[in-house]
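Undergrad: Under the numbering used here, the first residue of the sequence shown is numbered 239, with each subsequent residue one higher.
All residues carry an ideal CB built from backbone N, CA and C; glycine is no exception.
These numbers were taken from a predicted model, which means no experiment stands behind them.
Starting off with a structure, shown below.
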Amino acid sequence: GDASEAGVVIAVPSLERTRRLFPLGRRSRLLPVCHHCRIPKPLRMKIWSSEHVFGHPWDTVIKAAMRKYPNPMNPSVVGVDVLDRSLDSQGRLHSHRLLSTEWGLPSIVKAILGTSRTVTYIKEHSVVDPMEKKMVLCSTNITLTNLVSVDERLVYTPHPENPEKTVLTQEAIITVKGVSLSSYLESLMASSISSNARKGREALEWVIGKLNTEFEELTSSTRGSVKAAMAAASMEN
239 GDASEAGVVI AVPSLERTRR LFPLGRRSRL LPVCHHCRIP KPLRMKIWSS
289 EHVFGHPWDT VIKAAMRKYP NPMNPSVVGV DVLDRSLDSQ GRLHSHRLLS
339 TEWGLPSIVK AILGTSRTVT YIKEHSVVDP MEKKMVLCST NITLTNLVSV
389 DERLVYTPHP ENPEKTVLTQ EAIITVKGVS LSSYLESLMA SSISSNARKG
439 REALEWVIGK LNTEFEELTS STRGSVKAAM AAASMEN
């Protein structure tokens, strides 16, 4: 009718009309395009965050964080490669690592994403500041980035009221790009991140326990060696 002739859209436009409204040359680069109907779909984003207090000093937790993998709590991490490690002029330790992980996505999610890939790669950059007593770790996936991005940030600092404890704040931004059931995928991945974060904290406790055991064994071995040396010396005299 008159409204249609005046260019007022009052119903779902047809495919041909959509192409006229959103010609290829005029589509915003910020809007991923659905490959089936060619209708631009905006990015979807979900933010997840948590805070946890470890009952250990900052130095102990950071040592464990640097030796976190491999561990039995995170079997999905199948490889860790240190790409670069250096000190800056302020004495901060910078580390760049590449993690190979099995995301373990359900088959229905793989079907939605249109991929059968199981191994994904994550780049990780951490900065340890021993003077300020702060460690910041940022990571992001470098595979499947055309479908989904997961950007994580972890910060380790001493507890403001108890130096014998450490506070870990963790946040993740999940961005699903132009696929069906985006809300479902975001919620599923947020749930997965929450589960992995819990396993990661358990892994740090496991590593700390392992380090303590190694220290006790080394101390015991050293004491035994000193006692044996003293006994041998006394016999010679």
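I need the straight-line Cα distance from S314 to W341, nearest angstrom please.
TA: The count along the sequence shown starts at 1 and reaches residue 314 at position 76. The count along the sequence shown starts at 1 and reaches residue 341 at position 103. In a straight line, the C-alpha of S314 is about 7 Å away from that of W341.
Undergrad: Specify the secondary structure class of L382 as computed by DSSP and reduced to three states.
TA: In the sequence shown, residue 382 corresponds to position 144, counting from 1. Reduced to three states, the DSSP call for L382 is coil.
Undergrad: Tell me whether G293 sits in a helix, a strand or coil according to DSSP, three-state version.
TA: Numbered from 1 along the sequence shown, position 55 holds the residue referred to as residue 293. In the structure shown, G293 falls within a coil segment according to DSSP collapsed to helix, strand and coil.
Undergrad: Count the other C-beta atoms from every protein chain shown that fall within 10 angstroms of the C-beta of I412, then say buried if there are 16 or more, exposed otherwise.
TA: Working through the sequence shown from its first residue, we reach residue 412 at position 174. It counts as buried.
Undergrad: Please report how far the alpha carbon of L382 lies from the alpha carbon of L456, in whole angstroms.
TA: Along the sequence shown, read from residue 1 onward, the residue named residue 382 stands at position 144. Along the sequence shown, read from residue 1 onward, the residue named residue 456 stands at position 218. Looking at the two C-alpha atoms, the distance is approximately 45 Å.
Undergrad: Would you report the Cα separation of F260 and V414, rounded to the nearest angstrom?
TA: Looking up residue 260 in the sequence shown gives position 22. Looking up residue 414 in the sequence shown gives position 176. Legend: pLDDT at F260 = 41, less than 50; position of this residue unreliable, no value from coordinates given.
Undergrad: Three or more C-beta pairs closer than 8 Å, one from the region 318 to 326 and one from the region 425 to 445: is that the case here?
TA: For the pair of segments examined, the region 318 to 326 was found not to touch the region 425 to 445: the number of CB pairs separated by less than 8 Å stays below three.
Undergrad: Of all Cβ atoms in chain C, is any one closer than 9 Å to the Cβ of G438?
TA: No chain C is present in this structure, which holds just one protein chain.
Undergrad: Per the DSSP calculation, P396 is bridged to which residue(s)?
TA: Residue mapping note: residue 396 aligns to position 158 of the sequence shown, counting from 1. When DSSP reads this structure, P396 sits in a beta bridge with T404.
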